[in-house]
Amino acid sequence: MPKCWKVEEIEGLKQFPPMEVRRARVTKQDARRTKSITTARKSIYIDETHPSSFKLEIFIRNLNKSQAVTFDKLGILDYHEVINFNLTTQSESATDVVVLRGWYTKLTVCLYGFFTNIQEVPPTMPTVEPQEKLVEVRTGPVNTPEEAVEVRKDTESSTVEVRTDERAKKDDNTKSPAKPAAASEQTEQKETTPKGEKEQDEKDEDDEAPKGSPEPVDDLFEPLTPDKSPTDLFMSDEEDLEQDGYEAILSDEEIMDDEHPYDDTDVLDFQLYAEDTWMSVSVSFNPYQCDLSKLTSFPSVDSGQEPLEIDSVEEMKKLLEQYSSEGKTSKSVELLNSISDSPVIPMLCNSGQHEELLHTLVELVLNAIDLDEARNFPIAANIRRLKFGMKLASRLSENGAKTCGMLVNLNVQEKLNDLLIAEHMSSSVKLVALQALHSSVEYPLGMEHFIGWDRHGEASKTDTKTGYEKLVDLLASEQAVRVVTAGTSLVHRAHIFEMLGNLQKVVDIIIKSTNHVMATRKEVTQANVEDQDNVEMDDENSAIDLQDLVNAEHVEIIIGCLEEVHKVLINAYELLVQPHAQAFPTSVKITAANNEPKNPFPMLYRMFTDRKLLESILVLFSCPVGFLPPVFTAIRDIFFYVLQTQEGLLFLSSDPECTNEIIRILAQTETDFHYSEAPSLQDFLRDSSAADHCTPQHLGLLLIYHLQTLQAIDQLKSSHSSDLSGVDLDGADILSTLHSLYSMTFTALGKAAVTSVLGMSSNLECLLPFVEQADKLSSDSKDSKSKKSVSSRYASVLILLTIQGLENVEILDRFGERMWNIGQDKESTLGLAQLSHWLSPVKDVNFEVKAIPDLVGFVKSKVDELNNQNVACGILTAVRVIRYLTVPTASSLEGGQKDLTYNVACIQLFSANAMDVFIKLTQKINEFLQRPWLQGQPFTSGHCYYVVSIVLPLLACVNRLLAELLSTSVYQFKDTRLLTELMALYSVMCSVSGSLSSIAQKIQNEIVDVLMAFTRPVLQTTDTEEAINNSVWLLMLKELLQCTMSRPQFFLGGLSLLSELLPIPLPINTLEDLPEDEVEKLIKHRLLWSAHLNPLTSTIQGMLKDLSGSCCHSLQLVLRRVCCQLADISASMALTVVR
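Using the numbering used here, you'd call the opening residue of the sequence shown number 8 and step up by one each time.
In structure tokens:
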């Protein structure tokens, strides 16, 4: 029987006066939120609701019908903690009693509505008009702030708790700065005074207070100094102030849409600041009220180097004087080498000074690469002179658009082409000449000259061959393989530039077509207005049909160009970079430290800027073309990649006006989700199929969060120097920026974006000085109060969040020592104290292959302590670093070179017995997750989340080891412990939902990939039956079937895993006919599956017989799919299923 609770005054909690309930909300299990400030300032309140889904009926007593003998039904809620947890009602009846009925063990309910008064107001009470003040609570009639009343019920206990939280938290903040103690007494008096007296007291206080004196806010920050309070640091200067000098601050909940409620506590990690009162979580980041501006602290694409030093210029002049005085000798060649290696060249090219010196260097280049002039030098010296001259040409071309244009206008490309086609020219000279040609097209002016275009993208009308045509003729002739490889990368550069030009031309056609359509409509509209008889008028602003803008051919060009841009972005190093002179284009390569390839992205983004890629995308989104599925998919993939790199974010920020317009268009599209519920970019990257569900508004949100994070980093870098000398740590601008960064982490999308951008390049440098300076001030003043600077608290939480969600472990190598020193401070905050646990594996480790045994040893020593959260953090960091050192990044190009460095890393793993350590770690992970999984508890808590996060890098390392071990038939891996643990882990991940669903899906895919490594046999013996019986393929299938039937909780997971491994049924739908070799390979693969399944016929029949009688609908669906797959493999397996 349900219990009726009359909500009366309870000790330590607010009274529940009569109210009109408008909305009921059930909070999920383990949701954390702060208690009312007036009751327990530093305590944490944990919501309890179990099970995760049930049907809940809510009844109320209607106080307006005092004679009624029954309760009114408020509504029925089919509660599900992820999908449905809100019930909206239209009840206008006052109530003070709630009745809940449903199948639950624990329940937490929040009731939202308006406090009301069913009693008549005495005529003697003065009427006070409601005023909108900063912190004023009125529980009087009707127009009162909406509040939440939370009711907690545990059927195992008779304790009933009621909490009221006003949406803007205003009811807890009425205190006077001059009399804090009196304010506290006043709060207690409110809780124990009858309602009528409370109203009279409040009105009397209003009459006594001066009209111009506002009620101040109870600041949630700990006071730094008596005369400084950060309560007004986040007020906007652009808003109109009220007459009393204070602004009306709206809470975040008032800004958010009520139709899409969201609880920030689902994302926040309260363990980071459970004991702090310095930050306010009530002011959230609104992504729809942001604009981009020009970056000031980040270098642009064409940025110069350091300021020019006079001593360096004088040294260059002396070298040039010595060179001119030497004549045609071998010593002049050595001086030319010194000039080409001079560090002053980049500064000269970008300084805008010493024009005469630059002209001298350009003339020197033209003279040095002249073939006729080189013949006047001694043998061997003439070849070296040509190489040094081309080297100087490369440095001048790639360090500034101005010097590149000077060289191009003086026909340096023609001279280089003459060297390429000269007779008896060695391959080494041709490679240097091609490198100089690569440098000459670093800027768009050089590329246009190379392919014969003018500034408008039109081919120049000349009879001579262009540099591109000469290069194609060279590659078509018989040349050395290294020369062909170097020339091919230059051809790729010309190709992508041409594709960008074609895209720009089609966009120009769209613009002209749009203008023509609009002009025609305007004329028709004016004609209709003049014609009085024609009452039907065309709408001038109606939507434009796609056929009026482009034809099918133009759409194909747009799609092809955008897809080519995405391909080049992913494979830029393989397609656009000339290999090192010492490299050889074989199937394998070894990357040396001094042979790192040149970064191609500055050149590529200069092409994008010159050919107006962003402007073209803006035009496409401004018309129906941009929202065609193939076009939107191509643009989405481009933005997905650009948002993952520092160069890409700088490129988007380089044109803030265009990017702002793109974001506005995307953000204004319709969607069926609230921005706080949107998945992150990492969720899309983990599962390629999930990217198909990315809507235009979602893409706009991804752009907003990533670019606004970069904007905040830029503001922090601009506001202080590296040592924060002379900077107010808690200045208004700094705190406002830090708070914006922190409030972005209230949503899963924002948290992933902030941690991702902070982990790029050296962006974390903007936060470290705040913490280091706070430590320095504390040590100098010996006052722990200075360590409680608000900026240092913000910075500490953001640093820890970045380390927790880290994907780019390179920043650990760059900032690991500094962060370790911060974490070792005994007086550090709770967040910074955890840094030492995260960084303990890499304290004295270099990020090189030789560090792998030490990292494996750390995991081995700590694996038995996985139940300790601090140890789990260290293991996660160690496994991430191991993955970084051993698993290469995937490339979409087929036939690419294999880096032998990763093979050496695998050898280091095998020598350290890493596979055994990884198996033990997988066992411990299963043991840790089994209990909450069987109890139906989510894995969203900090410890469980860290343990689940270990699985992805762990599986990547295991897959890498198995791929190397089982790639041939020489070795076999028959340790069944790994198979058993992976299958159990798969079953656990099948039931994970919520914020970890994308990670769980990725883990399932990785487990399938690991098990598929066992299905690559090479049958070379004549006795195939013996080979099959001894194969790891059959061993894997045996373990899978045994694990599936071992426990009931593994039925569904085991069948799902078997279905993922089995071949899909025929026929296979393809866009094109498969070639004969692919068909033969497919048939052979299915025959191999049949051969390995035949020895397990009896086991399969027993499994199907036992599970066929199940009444579980999900199990029946998976079982049906498995039977179809088995029957389709071969006739023998079909007979097995039928029997």
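Cβ atoms here follow ideal geometry from the backbone N, Cα and C, with glycine treated the same way. All values reported here derive from a predicted model rather than from experimental measurement.
Of V911, I516, H950 and Q831, the smallest CA-CA separation from N874 is found for H950. Contact between V415 and L452 holds: their C-beta atoms lie close to 6 Å from each other, under 8 Å.
In this chain, D480 is not harboured by any beta strand (DSSP E); it is covered by the alpha helix (DSSP H) spanning G474 to A483.
In the structure shown, E64 adopts extended strand secondary structure according to DSSP, grouped into three states. DSSP links C964 through a beta bridge to no other residue. For E27, the enclosing beta strand (DSSP E) covers residues M26 to V33. According to the DSSP assignment, T95 belongs to no alpha helix (DSSP H) but to the beta strand (DSSP E) extending over N93 to T95. Around the beta-carbon of W110, fewer than 16 other beta-carbon atoms lie within 10 Å, marking it exposed. In this chain, F658 is not harboured by any beta strand (DSSP E); it is covered by the alpha helix (DSSP H) spanning Q653 to S660. Annotation: V1145 to P1074 spans about 21 Å, alpha carbon to alpha carbon.
Per DSSP, the continuous beta strand (DSSP E) segment holding V106 begins and ends at V104 to G109.
For F935, no beta strand (DSSP E) segment is defined; the enclosing uninterrupted segment is the alpha helix (DSSP H) at A921 to L941. Here the C-alpha atom of L656 lies approximately 34 Å from the C-alpha atom of S594. With the rule of 3 Cβ pairs closer than 8 Å, the region 341-360 does not count as touching the region 693-705. Rounded to the nearest whole angstrom, the CA to CA distance from G738 to L583 is 46 Å.
Cβ contact annotation for I806 (same chain, cutoff 6 Å, sequence separation greater than five): L774, in chain order.
Checking the DSSP bridge columns, you'll see F122 partnered with M26. Per the coordinates, the alpha-carbon of V761 lies some 8 Å from the alpha-carbon of Y712. In the DSSP assignment, the residues bridged to D906 are K596. When the beta-carbon positions are compared, I741 and S726 come within less than 8 Å of each other.
The closest CA to that of P294, considering only L710, T1051, S404 and I957, is found on L710. Taking C-alpha positions only, L808 is separated from G830 by approximately 14 Å. Residue pairing of Y891 in beta bridges, as defined by DSSP: absent, with no partner found. In the DSSP annotation of this structure, the continuous segment of the alpha helix (DSSP H) that includes D1135 starts and ends at H1120 to I1136. By the neighbour-count criterion, in which 16 or more other beta carbons inside 10 Å mark a residue as buried, P25 falls on the buried side. In terms of Cβ geometry, P353 and N389 do not form a close pair [threshold 8 Å]. The beta carbon of R967 lies closer than 7 Å to those of T893, V894 and C913 in the same chain, with the five residues before and after it left out. In the structure shown, H87 falls within a strand segment according to DSSP collapsed to helix, strand and coil. Going by DSSP, N389 is part of the alpha helix (DSSP H) stretching over A388 to E405. Between G459 and N424 the beta-carbon gap is near 13 Å, outside 8 Å, which marks them as no contact.
DSSP, reduced to helix, strand and coil, places V419 within a helical segment of the structure shown. Distances from the alpha-carbon of L842 to those of K857, V856, A858 and G823 put G823 closest. DSSP places V557 in the coil class of the three-state scheme, outside both helix and strand. The straight-line gap separating the alpha-carbon atoms of M323 and A381 is approximately 23 Å.
The Cβ atoms of N815 and M751 do not sit closer than 8 Å to each other. Using a 10 angstroms sphere on the CB of P960, the tally of other CB atoms reaches 16 or more, which defines it as buried.
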